[in-house]
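Presented below is the structure to which this report refers.
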Amino acid sequence: MKRIVVKIGGALLNAPLDELWSGLEELLFGAEVVLVHGGGPQTTEMAIKLDHEPIIVQGRRVTSALDLDILKWVIRGELNVNLVAAAGVAGIRAVGMSGADSRLIQVEKRPLWHLEDQEVDFGHVGDFVQADVTALQALLQAGVLPVVCPPGVDAQGKLYNINADTVALELASAIQADELILVTESGGVLDADQHPIRRLRQRHAIEGVGSGWIAGGMKVKTDIGFEALNRGVSSVWIVALGSVSSKQKGTQLIGGHHV
Numbered sequence: 064m065k066r067i068v069v070k071i072g073g074a075l076l077n078a079p080l081d082e083l084w085s086g087l088e089e090l091l092f093g094a095e096v097v098l099v100h101g102g103g104p105q106t107t108e109m110a111i112k113l114d115h116e117p118i119i120v121q122g123r124r125v126t127s128a129l130d131l132d133i134l135k136w137v138i139r140g141e142l143n144v145n146l147v148a149a150a151g152v153a154g155i156r157a158v159g160m161s162g163a164d165s166r167l168i169q170v171e172k173r174p175l176w177h178l179e180d181q182e183v184d185f186g187h188v189g190d191f192v193q194a195d196v197t198a199l200q201a202l203l204q205a206g207v208l209p210v211v212c213p214p215g216v217d218a219q220g221k222l223y224n225i226n227a228d229t230v231a232l233e234l235a236s237a238i239q240a241d242e243l244i245l246v247t248e249s250g251g252v253l254d255a256d257q258h259p260i261r262r263l264r265q266r267h268a269i270e271g272v273g274s275g276w277i278a279g280g281m282k283v284k285t286d287i288g289f290e291a292l293n294r295g296v297s298s299v300w301i302v303a304l305g306s307v308s309s310k311q312k313g314t315q316l317i318g319g320h321h322v
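Going by my numbering, the first residue of the sequence shown is number 64, and it counts up by one from there.
Written out as structure tokens, the structure is:
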């Protein structure tokens, strides 16, 4: 059976999600589906309420001990539970999982990064090591929708923040997914004039990064998407909330093996 990983950005989780559930229902008719989510805006909002200003470097969150606690409270403790409950209302059987559950997403502490003549310590941020998808596969085979979120876990049981886009990539690779769908506010990649791009080749994306019209979170998503294609995922899309199944509004990433 076809396997699909869908990743929804945290910025969309404050919006009505009826279109998401209807799209997932359509996908589930002919595929096993994993839903991955983050929660960056919500964790930032909670941090600000606590008079704590988060630090973001090139779209990546620096995670202090307090940031990690906030991530656990908000992403796993609130957003993930709410998504699972909403899926049930939509008639979809779902089970929530963090990267720590069944050691799904195994990480190690990120070393210092050297960016633009500065050393960056990302704190409690983990780099992916491997995935144990045994429990995830059992859920898929039972017709259940796994709803997966950070954090990840290291060999000593310590929790680390990990980018949800990376989680989506690594799960797509581990379960040999046929398709990766990244759901975003923009509904796809926009060119320098803010016009939607229907098909984006990697060389064009590199030009976009150089010119600055692909940056921040979208750069992360295109990097993730092209890496997924390189690993054998057949189809990668960046789409709008209402286009999860139809792909009516979105950008298809085209790898080097396509003519």
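Glycine included, C-beta positions come from ideal geometry on N, C-alpha and C.
Worksheet item: Given Val144, which residues of its chain have a CB within under 7 Å of its CB, disregarding the five upstream and five downstream residues?
Response: The residues are Gly159.
Fill in: Pair within 8 Å by beta-carbon distance, Phe289 and Leu316
yes
Worksheet item: Below 8 Å between beta carbons: does that hold for Asn224 and Arg139?
Response: no
Practice prompt. Can you tell me which of the three DSSP states Lys70 falls into?
Written response: strand
Practice prompt. Within its chain, find whatever has a CB closer than 6 Å to the CB of Arg156; leave out the 5 residues flanking it on each side and keep chain order.
Written response: Sequence-distant partners of Arg156 (beyond 5 residues in either direction) whose C-beta falls short of 6 Å from its own C-beta, in its chain, are Val207.
Item to complete: Following the continuous beta strand (DSSP E) through Trp176, name the residue where it begins and the one where it ends.
Response: Note, Trp176: beta strand (DSSP E), Trp176 to Leu178.
Worksheet item: Taking only beta-carbon atoms, is Ile225 less than 8 Å away from chain C?
Response: Of the protein chains in this structure there is only one, and it is not chain C.
Practice prompt. Report the residue ranges of all alpha helix (DSSP H) runs contained in full by the stretch 83-162; include only those spanning at least 4 residues, in chain order.
Written response: Listed in chain order, they are 103-112, 128-134 and 144-152.
Worksheet entry | Nearest neighbour of Ala240, chosen from Arg173, Val120 and Leu199 [CA to CA] | Leu199
Discussion item. I need the boundaries of the alpha helix (DSSP H) containing Leu208, first residue and last residue.
Written reply: Unbroken run through Leu208 is the beta strand (DSSP E), Leu208 to Cys212; no alpha helix (DSSP H).
Worksheet entry | Span of the beta strand (DSSP E) around Leu316 | Going by DSSP, Leu316 is part of the beta strand (DSSP E) stretching over Gly313 to Ile317.
Item to complete: Provide the residue(s) that pair with Phe191 in DSSP beta bridges, ordered along the chain.
Response: Val170
Discussion item. Report the start-end ranges of each alpha helix (DSSP H) in the stretch 263-292 that is 4 residues or longer and not cut off at the edges.
Written reply: 265-274
Discussion item. Please classify Lys112 as buried or exposed, where buried requires at least 16 other C-beta atoms within 10 Å of its C-beta.
Written reply: Lys112 is exposed by the Cβ-count criterion.
Item to complete: Kindly identify the DSSP beta-bridge partner or partners of Gly215.
Response: Tyr223
Worksheet entry | Cβ-based neighbour list, Val196, same chain, cut-off 6 Å, excluding 5 preceding and 5 following | Ala237 and Ile238
Practice prompt. Out of Thr107, Val120 and Ala149, point me to the one whose CA is closest to Lys135's CA.
Written response: Lys135 has its Cα closest to that of Thr107, out of Thr107, Val120 and Ala149.
Worksheet item: Do the stretch 210-227 and the stretch 83-90 touch if we need at least three Cβ pairs shorter than 8 Å?
Response: Judged by pairs of C-beta atoms under 8 Å, the stretch 210-227 does not touch the stretch 83-90, as fewer than three such pairs exist.
Worksheet item: Do you know whose CA, among Ala218, Val97 and Leu304, lies nearest Arg66's CA?
Response: Val97
Discussion item. For Leu83, tell me which candidate among Arg294, Thr229, Gln265 and Ser306 has the shortest Cα-Cα distance.
Written reply: Ser306
Fill in: Nearest-angstrom Cβ-Cβ length linking Gly73 and Gly93, presumed shorter than 8 Å
That belief does not hold up - the Cβ atoms of Gly73 and Gly93 are roughly 28 Å apart, past 8 Å.
Discussion item. Could you tell me the alpha carbon to alpha carbon distance between Arg264 and Glu233, rounded to whole angstroms?
Written reply: 21 Å
Discussion item. Using C-beta distances below 7 Å, list every residue in its chain close to Leu75, excluding the 5 sequence neighbours before and after it, in chain order.
Written reply: Val246, Glu248 and Leu304
Fill in: Cβ pair Trp300, Thr314 closer than 8 Å
Between Trp300 and Thr314, the gap from beta carbon to beta carbon is short of 8 Å.
Practice prompt. Note down the Cα distance separating Ala227 from His100, rounded to an integer number of angstroms.
Written response: Here the alpha carbons of His100 and Ala227 stand approximately 6 Å from one another.
Item to complete: Return the chain-ordered list of same chain residues with a C-beta closer than 6 Å to the C-beta of Gly186, the five sequence neighbours on each side being excluded.
Response: Non-local C-beta neighbours of Gly186 in its own chain, meaning closer than 6 Å and more than five positions away in sequence, comprise Val125, Thr126 and Ser127, ordered along the chain.
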